[in-house]
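Comments concern the structure below.
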Amino acid sequence: MTDVVVVESPAKAKTIEKYLGRDFTVLASFGHVRDLEEKDGAVLPDQDFAMVWGKDGRGEAQVAKIATALKGAKRLWLATDPDREGEAISWHVKDMLGQRGALKGKDVQRITFNEITKRAVQYAVAHPRDLDIPLIDAYLARRALDYLVGYTLSPLLWRKLPGSRSAGRVQSVALRLLCEREAEIEAFKPREYWTLEAKFFTPAGAPFNARLTHLDGKRLDQFDLHDAGTANAAKARAEAATYAVASVEKKRTRRNPPPPFMTSTLQMEASRKLGMGAQQAMRTAQALYEAGHITYMRTDGVQMSREAIAAIRDHVKEAFGAPYMPAAPREYTSKQKNAQEAHEAIRPTDVTRTPEAMARELDGAQARLYELVWKRAVASQMSSAELDQTAVDIDSSDKALRFRATGSVVAFDGFLKLYREDEDDRAADARAGLKTAEPTEDDDTRILPPMAERDALKRGDVTASQHFTQPPPRYSEASLVKRLEELGIGRPSTYASILQRLQDLKYVTLEKRRFIAQDLGRMVTTFLVRFFDKYVDTGFTSAMEEKLDEISAGQTDWRAVMRAFWSEFSAAVEATRDLKIRDVIDALDEDLGPHMFPARADGTDPRVCPTCGNGRLGLRLGRTGAFIGCSNYPECRYTRPFGVDSGTGEGAAPAEQELGEDPATGEKVTLKRGPYGFYIQLGEPGTDAKGKPTKPKRTSLPNGVAPDTVTLDQALGLLSLPRIIGRDPETGDEITAGLGRFGPYVRAGTVFKSLDKDDDVLAVGMNRALALLADARARVRELGPHPKDKDPVTVRKGRFGPYAQHGKTVANLPRDVAMEDITLEDAVALLAEKGKALKPRGPAGRKAAPAKAAARKPSGDAAPGKTAAPRKAAPAKAPARAAAAKAKPATAKARPAAKAKPKPAGKSPR
Numbered sequence: 001m002t003d004v005v006v007v008e009s010p011a012k013a014k015t016i017e018k019y020l021g022r023d024f025t026v027l028a029s030f031g032h033v034r035d036l037e038e039k040d041g042a043v044l045p046d047q048d049f050a051m052v053w054g055k056d057g058r059g060e061a062q063v064a065k066i067a068t069a070l071k072g073a074k075r076l077w078l079a080t081d082p083d084r085e086g087e088a089i090s091w092h093v094k095d096m097l098g099q100r101g102a103l104k105g106k107d108v109q110r111i112t113f114n115e116i117t118k119r120a121v122q123y124a125v126a127h128p129r130d131l132d133i134p135l136i137d138a139y140l141a142r143r144a145l146d147y148l149v150g151y152t153l154s155p156l157l158w159r160k161l162p163g164s165r166s167a168g169r170v171q172s173v174a175l176r177l178l179c180e181r182e183a184e185i186e187a188f189k190p191r192e193y194w195t196l197e198a199k200f201f202t203p204a205g206a207p208f209n210a211r212l213t214h215l216d217g218k219r220l221d222q223f224d225l226h227d228a229g230t231a232n233a234a235k236a237r238a239e240a241a242t243y244a245v246a247s248v249e250k251k252r253t254r255r256n257p258p259p260p261f262m263t264s265t266l267q268m269e270a271s272r273k274l275g276m277g278a279q280q281a282m283r284t285a286q287a288l289y290e291a292g293h294i295t296y297m298r299t300d301g302v303q304m305s306r307e308a309i310a311a312i313r314d315h316v317k318e319a320f321g322a323p324y325m326p327a328a329p330r331e332y333t334s335k336q337k338n339a340q341e342a343h344e345a346i347r348p349t350d351v352t353r354t355p356e357a358m359a360r361e362l363d364g365a366q367a368r369l370y371e372l373v374w375k376r377a378v379a380s381q382m383s384s385a386e387l388d389q390t391a392v393d394i395d396s397s398d399k400a401l402r403f404r405a406t407g408s409v410v411a412f413d414g415f416l417k418l419y420r421e422d423e424d425d426r427a428a429d430a431r432a433g434l435k436t437a438e439p440t441e442d443d444d445t446r447i448l449p450p451m452a453e454r455d456a457l458k459r460g461d462v463t464a465s466q467h468f469t470q471p472p473p474r475y476s477e478a479s480l481v482k483r484l485e486e487l488g489i490g491r492p493s494t495y496a497s498i499l500q501r502l503q504d505l506k507y508v509t510l511e512k513r514r515f516i517a518q519d520l521g522r523m524v525t526t527f528l529v530r531f532f533d534k535y536v537d538t539g540f541t542s543a544m545e546e547k548l549d550e551i552s553a554g555q556t557d558w559r560a561v562m563r564a565f566w567s568e569f570s571a572a573v574e575a576t577r578d579l580k581i582r583d584v585i586d587a588l589d590e591d592l593g594p595h596m597f598p599a600r601a602d603g604t605d606p607r608v609c610p611t612c613g614n615g616r617l618g619l620r621l622g623r624t625g626a627f628i629g630c631s632n633y634p635e636c637r638y639t640r641p642f643g644v645d646s647g648t649g650e651g652a653a654p655a656e657q658e659l660g661e662d663p664a665t666g667e668k669v670t671l672k673r674g675p676y677g678f679y680i681q682l683g684e685p686g687t688d689a690k691g692k693p694t695k696p697k698r699t700s701l702p703n704g705v706a707p708d709t710v711t712l713d714q715a716l717g718l719l720s721l722p723r724i725i726g727r728d729p730e731t732g733d734e735i736t737a738g739l740g741r742f743g744p745y746v747r748a749g750t751v752f753k754s755l756d757k758d759d760d761v762l763a764v765g766m767n768r769a770l771a772l773l774a775d776a777r778a779r780v781r782e783l784g785p786h787p788k789d790k791d792p793v794t795v796r797k798g799r800f801g802p803y804a805q806h807g808k809t810v811a812n813l814p815r816d817v818a819m820e821d822i823t824l825e826d827a828v829a830l831l832a833e834k835g836k837a838l839k840p841r842g843p844a845g846r847k848a849a850p851a852k853a854a855a856r857k858p859s860g861d862a863a864p865g866k867t868a869a870p871r872k873a874a875p876a877k878a879p880a881r882a883a884a885a886k887a888k889p890a891t892a893k894a895r896p897a898a899k900a901k902p903k904p905a906g907k908s909p910r
């Protein structure tokens, strides 16, 4: 008879089972076992926010396994993660087991541990507790808030702002920060300023540089030398003067080590130092935690246990020597706004397992992140670094000019021996190839030569340098996480999923490690700010986080918080009921005008139509989304796309542009924009000799090619595809390059291989093509001709495992059959038994449109966790009107597909 322990992941289950022994059966819940029903009305404000929990096939199966294991057992241990989501999973598991009657006569205990070590697990079993009801209430409130905002605002967006996708309580505030920064950059006007730097030599001949700080006895402000004239006048005076040392100031400063990591700082440093995105960093940390190498990685706390501190101090003394160990242990407290659930900081579970010792056990990403965690934790208990700083003032003989030189030298490196926090955003920008303001010399490495007061100095060259003020930088993942944390918005454990969600929705792009707000994101933000400003305000969202913290502390009733929120929020939504799309477009046109129509250098009106000359350009909405059109439509049909600009500052290409004529045929070559993107067209539609309509030759524009950069030669090259590269020296097959449903490719016989994003389909050569095809052949095995039609039968590696293919018929291989082992006869039989035809595709390689509109998902702003099960779509109606909606007969099926209502779907994390 064994006890049953429930954890969240199989990896954790295996580790814990080793520590507990044969008397325990450890099972995984695979994250959340259920969530709110995936339809409108799962949260019922009219019934005091009662929640309707839907059935999840995977979750039901896992609970059934747990119920089976409980037969004959005495005790159930709920050992999910030590945070709000983990507490909620335990609550769900217990409730579902109770409904099955599986807990009769069973003792149910909740246990938590911050690290998966034998000592920690056994200590948790010896010290169980009850479920934390306030923590569960905080989960319910957060889940209800995210659901109501997502299922109310998202359908409203779809109705009032065609082309938009979803809104979320925290997601939309993060998007607003990115859009406001983009607007700041566009509105920024650089100012010119100059600086003067002179080279000096000490009496011993040692050189050093100093910068002009005072002119005519007055301290220089940044813009006092505002142009070349003032700078050169100051330079002439500097070159005519003689100099001596006015003062030498020396002082010793101390630099303390940073605290060990919590979730947000780990994401920041992993981004800056390792180039990891927030999602990758959290997935890698999750693997390290489940393997027992680091402590729990979702935490707001920076404190460590006394045992861990003692072990680290012992290691510091042994590895670095007594001077590197401070006299007393260092204690850290979190300065984060709204810090809650303050678990231990992220640290190695065993400090003696150094990064060097763990290198063979971990893969590349895990080894690098483990080293970062290990060094930060160890450095946090090391001595402060000591620096000797020197500042030298140099005066001209008439006291009219003063230069200053500063420098420092590390007198004792302390924690800097192991860990430096000098990988700032400037360094990250340099690695990403971004142009930033001029770098400054590092005070830690600049050492001034010895000199004393009144020493006469010899002057060398004087340099006047021109500078321009720089716009505020776009947010990186690290800087956006830092800003959200400073504002107290969201929880650190949710940041990774929010940043990824914004990219998935195409509201922002991440280019060279910087977020660029796209036009669709700016439209959504402008709409929400104009009509729901309060609910995308950073102050309001931060205050709501504080209320959620009060709930988790047991200080506030969660339903009272929900009632106060819903009464105002539903009224704000109701106020937009009669809002017309034309009103929305006019508001967006007004607010986004400076972005869409920036002022011209020649002073002309940027809204004048370039085609008719007297129409006014403005924002319009069509079936394919937003675009810029002329007010004289339909007489003037000028349009240009809205949303092509990727943040480079270049103007968008017009919706139709003549590139020139084909020298061979004399037909026009035109760049056009269709419902699926830009394409090249040769000639115009016409009729043949029999009067039947003919279609001109067309080809889509490959991804990565900017429409406003396409040349005539490039367009003719794309129209001529596929092109012959040569012949395969081994098989004799002709090798061609072309454009297909999945983009550019190379082909030899029946073997295809997609080109990488850096490959040019018009320029790819023989060597590159052979290398790509060799990689593709490793993923394709030809079995022979089919006995019916002699067409080839192949077996291929796919996203979901190997499969057999004959023409357009495919069949997945059984799980126990490897692609190297299957024979032609087996494949033919499998295709006949389980073969399915490939789905037809629409224009430009897209899947054919289904009979109903595609489902769209409102944001839940949920914390990242384990993989969620696939979701079914449900009709989107405001939660407040759920009961009324159910009473009406369903009519969506009778409507044309284009008018079917979008179907939101939401799912909790883990």
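Start counting the sequence shown at 1; every next residue gets the next number (full-length UniProt numbering).
From the three backbone atoms N, C-alpha and C, an ideal C-beta is built for every residue, glycine too.
Query: Run through DSSP, which three-state label would A198 get?; Result: strand
Query: From the DSSP output, in three-state form, read off P323 for me.; Result: helix
Query: Quick check: R143 and L548, are their CB atoms within less than 8 Å of each other?; Result: no
Query: Under 7 Å Cβ to Cβ from R129, same chain only, skipping five residues before and after it: list those, please.; Result: R110
Query: Looking only at its own chain, which residues have a Cβ that is under 6 Å from the Cβ of T202, when we skip the five neighbours before and after it?; Result: P449, M451
Query: Find the nearest neighbour of L103 within the set A64, Q122, L140, judged by alpha-carbon distance.; Result: A64
Query: Just the C-alpha distance for P45 and V710, rounded to the nearest angstrom, thanks.; Result: 55 Å
Query: Should the stretch 315-332 be regarded as contacting the stretch 239-254, the criterion being three or more beta carbon pairs within less than 8 Å?; Result: no
Query: Roughly how many angstroms lie between the CA atoms of V828 and R272, to the nearest whole one?; Result: 53 Å
Query: Taking the beta carbon of R474 as the centre, do at least 16 other beta carbons fall within 10 Å, making it buried, or is it exposed?; Result: buried
Query: Report the CB separation of residue 912 from F403 in whole angstroms; it is logged as a contact under 8 Å.; Result: Outside the shown range of the chain (1 to 910) lies residue 912, about which nothing can therefore be said.
Query: On the three-state DSSP scale, how would you describe Y296?; Result: coil
Query: Check I133 in the structure and name its three-state DSSP category.; Result: helix
Query: Can you say whether D40 is buried or exposed, counting buried as having 16 or more other CB atoms within 10 angstroms of its CB?; Result: buried
Query: So what's R426 in DSSP terms, helix, strand or just coil?; Result: Reliability fails at R426, whose pLDDT of 43 lies under 50, so the model's placement of it is uncertain and no value is given.
Query: Run through DSSP, which three-state label would M51 get?; Result: strand
Query: Three or more beta-carbon pairs under 8 Å between the stretch 273-287 and the stretch 489-503, yes or no?; Result: yes
Query: Which runs of the beta strand (DSSP E), 3 residues or longer, sit entirely within the stretch 733-772?; Result: 734-740, 743-748, 751-754
Query: Runs of 3 residues minimum, wholly inside the stretch 499-548: which ones carry the beta strand (DSSP E) assignment?; Result: 508-511, 514-517
Query: Taking one C-beta from the stretch 543-557 and one from the stretch 115-135 each time, how about it: are there three or more such pairs within less than 8 Å?; Result: yes
Query: I need the straight-line Cα distance from E344 to L20, nearest angstrom please.; Result: 23 Å
Query: Can you tell me the Cα-Cα spacing of K74 and R796, whole angstroms?; Result: 50 Å
Query: What span of residues does the beta strand (DSSP E) with P663 cover, start to end?; Result: From DSSP, P663 is part of no beta strand (DSSP E); its letter is neither H nor E.
Query: So the alpha helix (DSSP H) A28 belongs to, where does it begin and stop?; Result: A28 -> not in any alpha helix (DSSP H); beta strand (DSSP E) instead, spanning 24-28.
Query: Taking the continuous beta strand (DSSP E) assigned at V5, which residues delimit it?; Result: 3-7
Query: Give me the Cα-Cα distance between P10 and Q62, rounded to the nearest whole angstrom.; Result: 12 Å
Query: Specify, as a first and last residue, the run of the beta strand (DSSP E) that L78 falls within.; Result: 75-78
Query: State buried or exposed for H127, treating a residue as buried only when at least 16 other CB atoms are found within 10 Å of its CB.; Result: exposed
Query: Helix, strand or coil, according to DSSP, for L712 in the structure here?; Result: helix
Query: Taking the beta carbon of L838 as the centre, do at least 16 other beta carbons fall within 10 Å, making it buried, or is it exposed?; Result: exposed
Query: To the nearest angstrom, how far is the alpha carbon of D56 from that of G150?; Result: 21 Å
Query: Confirm, please, whether the CB-CB distance from I66 to V4 is below 8 Å.; Result: yes
Query: Let me know if R360 comes out buried or exposed under the rule of 16 or more other beta-carbons within 10 Å of its beta-carbon.; Result: exposed
Query: Measure the CB-CB distance between T699 and L671 and report whether it falls below 8 Å.; Result: no
Query: What did DSSP end up calling E184 once you bin it into helix, strand or coil?; Result: helix
Query: Excluding the 5 residues flanking F531 on each side, which residues of the same chain have their C-beta closer than 6 Å to its C-beta?; Result: T576
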